[in-house]
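A.B. asks: Below is the structure I would like to discuss, written out as structure tokens.
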Amino acid sequence: SRLELSGRAFPLDAHAMAGVRVPVGHPPVVFCTPGNRDLCEKIVDHLSWTIGRVRFRTFANGEISVKLEQSVANNDVFVICSRDDLEGEINFMLMQLLILLDALKSEAPHRITVVLPCVEYARQDRKFEAGEAIAPKLLLHLMVTAGADRFVTIDLHNQAESGFSPAHAALDELTCEKYLANFIRESVPDFTPEETLVCATDAGGAKRTRKMADELQVGFMMADKFRPRAGEVGQVKIISDASINPKNVIIIDDMFDTCGSLVKVVEAVHNYMPQAKIYAVGTHGYFSKDAAARIAKMIEDKTLEWIAVTNCISQRAPLKKFEAAGIANSLKVVDISRLLSGAIIRIHLGASVNLPKFRQLGPLNPDPLLAEAAFVPTSQYTLKAAAAAPTPSA
């Protein structure tokens, strides 16, 4: 008798092979660091999988301990790490991730893919002066040293950062523009492309904003910072088609942090088009320091209607700040868990996440591979050799 595996045939001895199980495939398992557990649960719900079992502890002296509570040998492992300021400080959470990767690597998995909805330290992507570090490159190399084989992220601050990953560890950048565009169509009152403009916050964000303009089929404008004379304070000027008189202006950015730049852009747009209603939409929402107070002031002055971000970063902490400022309803959160789920199932099945067929899927389009994810075995499935061998005759 012969057993066929991967197109090759092996002779079987019924007595020698009795009870032997041969592993078939690499079952997937998803792990999650303690932050933004809600996003991880939504991702596995789309996949109809379960979250892997792992225990995180912190010793009295502040050291971190990570203990896997299930086997990952030969598994296709996905680790989701998303910032959650209510759960822990970001540098602490990154150390949790590194220790988890090392623990996983020691158990001989088939592959480890790290899902980083938002790459931290992304704004330190170049040297402005001698002696400065390129922090995101260091971070990716640390994760590869700890055990990562591949990365998935959404909307890098600078697309050149995709080259920071070591050569043997691919970094796939997804974009959520279709999810944000669908949210804009549904949430902006009486949205009409002919009466709407999207506005880039600076020249660096022009390419991203033009893509959104194409997706929404609307006009484009840009805020540009310049100094009239050397040594004077920079001013924000609007570059736009003067013939367009929009009813809505949507400011597009990749992230909102302290919102100082947003305040200047909103003020410039309002002065240029006082009759237009202004909205702000971005991918990553940090809302550090007094960002909530600044947004509350703009809403009070009727210069900003609301601000929307995705759940790439947990919005639990910002929402508490917005509630304290009395503007809880002005923070809108767009769910992108389905986008990440689609990428995870494609990586597991060996399909590309860069093909137009996947890139063009929006939140309202059915994803055929996600429909099949529930049928992917998530336990160590094996082929029992004895079952393939003939029963010895008496």
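Residue numbering for the sequence shown follows my numbering, starting at 9 and increasing by one per position. Each residue gets a CB set at the ideal place from its N, CA and C atoms; glycine is no exception.
#1: Apart from the five residues on each side of it in sequence, which residues of its chain come closer than 7 angstroms, Cβ to Cβ, to A189?
#2: Count the CB pairs spanning the region 124–131 and the region 150–165 that are closer than 8 angstroms, and state whether there are at least three.
#3: With G227 as the anchor, note down where its alpha helix (DSSP H) starts and where it stops.
#4: Please report the straight-line C-alpha distance between P117 and A68, rounded to a whole angstrom.
#5: Contact check, L109 vs V87 under 8 angstroms by CB: the rounded distance?
#6: Use the C-beta contact count for Q78: other C-beta atoms within 10 angstroms, 16 or more gives buried, fewer gives exposed.
#7: Between the C-alpha atoms of D375 and V160, what's the straight-line distance to the nearest angstrom?
#8: So what's P254 in DSSP terms, helix, strand or just coil?
#9: Roughly how many whole angstroms lie between the Cα atoms of D96 and R324?
#10: So A208 and I246 are in contact, right, with Cβ under 8 angstroms, and what is the actual spacing, rounded?
#11: Which two residues bound the contiguous alpha helix (DSSP H) that contains G350?
#12: Exposed or buried, what is R354 when buried is set at 16 or more other beta-carbons lying within 10 Å of its beta-carbon?
#13: Does DSSP classify C207 as helix, strand or coil?
#14: Quick one: any contact between the region 50–66 and the region 280–288, if contact means 3 or more CB pairs under 8 angstroms?
#15: Note down, in chain order, each residue of its chain lying with its Cβ closer than 7 angstroms to the Cβ of D157, except the 5 sequence neighbours on either side.
#16: Excluding five sequence neighbours on each side, which residues of the same chain lie with their C-beta closer than 6 angstroms to the C-beta of G227?
#17: Where does M281 sit, in a helix, a strand or coil, going by DSSP?
#18: Taking all protein chains shown into account, decide if R61 is buried (16 or more other Cβ within 10 angstroms of its Cβ) or exposed.
#19: S403: buried (16+ other C-beta within 10 angstroms of its C-beta) or exposed?
#20: Distance check for K340 and W314, CA to CA, integer angstroms please.
#21: When burial is assigned at 16 or more other CB atoms within 10 Å of the CB, is P197 buried or exposed?
#22: List the endpoints of the continuous alpha helix (DSSP H) containing A189.
#23: Should S114 go down as buried or exposed, given a rule of 16 or more other Cβ atoms within 10 Å for buried?
#24: Suppose the cutoff is 7 angstroms on Cβ atoms and the five residues either side in sequence are ignored; what does the same chain contact list for E203 look like?
#25: For A381, which residues in the same chain have their Cβ closer than 8 angstroms to its Cβ, ignoring the five residues on either side in sequence?
#26: Give the DSSP bridge partners of R158, in chain order.
#27: Excluding the 5 residues preceding and the 5 following V241 in the sequence, name in chain order all residues of the same chain whose CB lies nearer than 6 angstroms to its CB.
#28: Would you give the residue range spanned by the alpha helix (DSSP H) that P326 belongs to?
#29: Check F67 in the structure and name its three-state DSSP category.
#30: In three-state DSSP terms, what is F2?
#31: Take G370 and list the residues in its own chain whose beta-carbon comes closer than 6 angstroms to its own, dropping the five residues that flank it on each side.
#32: Thinking C-alpha only, which one of V361, G33, D343 and A300 is nearest G334?
#33: Got a sec, what are the start and stop residues for the alpha helix (DSSP H) S376 sits in?
#34: Which class does F366 belong to by DSSP, given the choice of helix, strand or coil?
#35: L179 to L363, Cα distance in whole Å?
#36: For G43, does the count of other Cβ atoms within 10 angstroms reach 16, so buried, or fall short, so exposed?
C.D. replies: By the coordinates alone:
#1: M220, E223 and L224
#2: yes
#3: From DSSP, G227 is part of no alpha helix (DSSP H) but of the beta strand (DSSP E) over G227 to F234.
#4: 31 angstroms
#5: 7 angstroms
#6: exposed
#7: 19 angstroms
#8: coil
#9: Reading the sequence as shown, one finds Gly at residue 96 and not Asp. Cα to Cα, G96 sits roughly 12 angstroms from R324.
#10: Wrong, their Cβ atoms sit about 11 angstroms apart, outside the cutoff.
#11: S345 to L357
#12: buried
#13: strand
#14: no
#15: R119, I120, T121 and A177
#16: L205 and I252
#17: coil
#18: exposed
#19: Nothing about residue 403 can be reported from this structure: the residues present for the chain run from 9 to 402 only.
#20: 7 angstroms
#21: exposed
#22: E185 to S195
#23: exposed
#24: P254, K255 and N256
#25: H54, L55, S56, W57, S349 and I353
#26: T121 and A178
#27: Reliability of the predicted coordinates at V241 is poor, the pLDDT of 48 falling under 50, and no value is obtained from them.
#28: R324 to A332
#29: coil
#30: This structure does not reach residue 2, given that the chain is present from 9 up to 402, and the question cannot be answered.
#31: K186 and N190
#32: A300
#33: Note on identity: in this sequence residue 376 is Pro, with Ser being the wrong assignment. It spans P376 to A381 - the alpha helix (DSSP H) in which P376 sits, taken as one unbroken run.
#34: helix
#35: 15 angstroms
#36: buried
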